[in-house]
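Following: one structure in structure tokens, then a few remarks.
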Amino acid sequence: MAAASLRIEATGKPKGCKLIRISADLEDGVIQSISIRGDFFASPVEGFDRAEQRLRFVPTGELGSRFEQYLQEEGVEVQGINGDGLEQVLLSALI
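As structure tokens, this is what we get:
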């Protein structure tokens with residue numbers, strides 16, 4: 530059976546977050562690529578980019594916790610975005 534591939538474009542402003550825009554390619558509920566943009570602030574940007582790249586091959590249901598983990602490991606400080614909000618925006622596009 531062929532894998533189920535899906536391209537997601539999602540925008541939202543979850544509670545406690547600024548505007549978040551996500552573009553993602555999913556295959557069988559696993560992130561193949563993801564781009565996270567919006568009105569939030571992240572520093573250093575290079576660390577945020579590395580954390581974003583590390584989300585590849587993460588199951589959609591683990592996006593929030595892994596995002597938080599990778600930000601911490603990369604030493605990134607953020608304002609206006611959090612893992613729960615990010616996961617909520619992505620999952621809302623799947624409903």
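Each residue of the sequence shown is one higher than the one before, starting from 530 at the first, in this note's numbering. Glycine included, C-beta positions come from ideal geometry on N, C-alpha and C. Keep in mind it's a predicted model, so treat the numbers as computed, not measured.
If you draw a straight line from the Cα of Val587 to the Cα of Gly612, it comes to about 13 Å. By alpha-carbon distance to Cys546, the top candidate from Asp557, Ala571 and Ile563 is Ala571. Scanning its chain for C-beta atoms nearer than 7 Å, with the 5 sequence neighbours on each side dropped, one finds around Glu603 the residues Gly576, Arg579 and Ala580, in chain order. In the same chain as Gln582, and ignoring 5 residues on each side of it, no C-beta atom comes closer than 7 Å to its own. The Cβ neighbour count for Val574, taken over all protein chains shown within 10 Å, is under 16; the residue is labelled exposed.
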